[in-house]
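K.L.:
Following this message is one structure expressed as structure tokens.
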Amino acid sequence: NAGVTQTPKFQVLKTGQSMTLQCAQDMNHEYMSWYRQDPGMGLRLIHYSVGAGITDQGEVPNGYNVSRSTTEDFPLRLLSAAPSQTSVYFCASSYSGSPGGGSRQETQYFGPGTRLLVL
Amino acid sequence: KQEVTQIPAALSVPEGENLVLNCSFTDSAIYNLQWFRQDPGKGLTSLLLIQSSQREQTSGRLNASLDKSSGRSTLYIAASQPGDSATYLCAVRPLSSASKIIFGSGTRLSIRP
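Order-wise, the sequence lines are chains G and W. Positions 8 to 126 (the working numbering) are the ones given, in order, by the first sequence. Positions 745 to 857 (the working numbering) are the ones given, in order, by the second sequence.
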């Protein structure tokens, strides 16, 4: 298994440009999520999905859109990039987004990250 | 609102020492707590997941404990090695919003040879 993959690894955008960060997993995980990581602030949840066709907002959703048309893919769209969106973005997945299934169900697997610089 | 804190932000110890990393959370109503490791420029790797009904979990030289009532967890690393150098993050899954995992900002650990 490739696990969780993210593309691109690094991207530079100008303010106002749009782009899509790609995330894919081949583990048949139901739950997928996007985080951003900023220095000294840990990871903050942007959006998440508990299954194909179902998405919901996290802690910092403004300026980002997501969709989940398949189990495997969960792209993150920046509609109009702003310098405040300069960050490292991580995609994660797990078998289940619901607790109670046990450690194997709930353990999260992370992609390698996308470094985004908005000028 | 649930908040997760990890102190200190950075720690440097000589090789071979046993050490403890701390994690505290403000709301004890959690399903579980997870410890992750992050190497520079890389994603996160799950180390241990402790369910709210458990007191500790062990994996090799790592032992994680959970005291839900006091809002604390510790990650114990025995006989530390230079390869243990990384940032360690803890994260909780709150009862109030089970699909939203909340992370601490991490402790950057450096093991000196």
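Every residue gets a Cβ at the ideal spot worked out from N, C-alpha and C, and that includes glycine.
Contact between the segment 836–856 of chain W and the segment 760–777 of chain W: three or more CB pairs below 8 Å?
P.N.:
Cβ pair count under 8 Å is three or more, so yes.
K.L.:
May I have the straight-line CA-CA distance separating residue 91(G) from residue 22(G), to the nearest angstrom?
P.N.:
Spanning the two alpha carbons is a distance of roughly 10 Å.
K.L.:
For residue 71(G), tell me which candidate among 10(G), 80(G), 88(G) has the shortest Cα-Cα distance.
P.N.:
Answer by Cα proximity: 88(G).
K.L.:
Just to check my reading of the structure: residue 762(W) and residue 820(W) have Cβ atoms closer than 8 Å, yes? What is that Cβ distance to the nearest angstrom?
P.N.:
Going by Cβ atoms, the distance from residue 762(W) to residue 820(W) rounds to 7 Å, so yes, they are a contact pair.
K.L.:
Using Cβ-Cβ distances below 8 Å, what residues of the segment 50–63 of chain G are close to chain W?
P.N.:
So the list reads 50, 51, 52, 55, 57, 63, given in the order they occur along the chain.
K.L.:
Which one or two residues does DSSP pair with residue 19(G) in a beta bridge?
P.N.:
Note: residue 19(G) sits in a beta bridge opposite 124(G).
K.L.:
Evaluate residue 53(G) with the Cβ neighbour count: other Cβ atoms within 10 Å of its Cβ, from every protein chain shown; 16 or more gives buried, anything less gives exposed.
P.N.:
Burial call: buried.
K.L.:
Can you name the residues that DSSP bridges to residue 65(G)?
P.N.:
None, per the DSSP bridge assignment.
K.L.:
Looking at the secondary structure, which residues open and close the beta strand (DSSP E) in which residue 39(G) lies?
P.N.:
Start and end: 38–44.
K.L.:
Should residue 747(W) be labelled buried (16 or more other beta-carbon atoms within 10 Å of its own) or exposed?
P.N.:
Label assigned to residue 747(W): exposed.
K.L.:
Going by the DSSP bridge assignment, what does residue 858(W) pair with across the sheet?
P.N.:
Beyond the ends of chain W as shown, which are 745 and 857, falls residue 858(W); an answer cannot be given.
K.L.:
How would you call residue 16(G), buried or exposed, if buried means at least 16 neighbouring beta carbons within 10 angstroms?
P.N.:
The residue is exposed, with fewer than 16 neighbouring Cβ atoms inside 10 Å.
K.L.:
By the 9 Å beta-carbon criterion, what residues does the segment 792–809 of chain W contribute toward chain G?
P.N.:
Listed in sequence order: 792, 793, 794, 795, 796, 801.
K.L.:
Name, going along the chain, the residues of the segment 811–840 of chain W whose beta-carbon falls closer than 9 Å to a beta-carbon of chain G.
P.N.:
Residues passing the 9 Å Cβ filter: 833, 835, 837, 839.
K.L.:
Any C-beta of chain W sitting closer than 8 Å to the C-beta of residue 48(G)?
P.N.:
So, interface residue.
K.L.:
For residue 816(W), which residues of its own chain have a beta-carbon under 6 Å away from its beta-carbon, when the five flanking residues on both sides are left out?
P.N.:
Hits under 6 Å: 768.
K.L.:
Quick one: what's residue 845(W) bridged to in DSSP?
P.N.:
None, per the DSSP bridge assignment.
K.L.:
Assign residue 838(W) to one of three DSSP states: helix, strand, or coil.
P.N.:
Residue 838(W) falls in the strand class under three-state DSSP.
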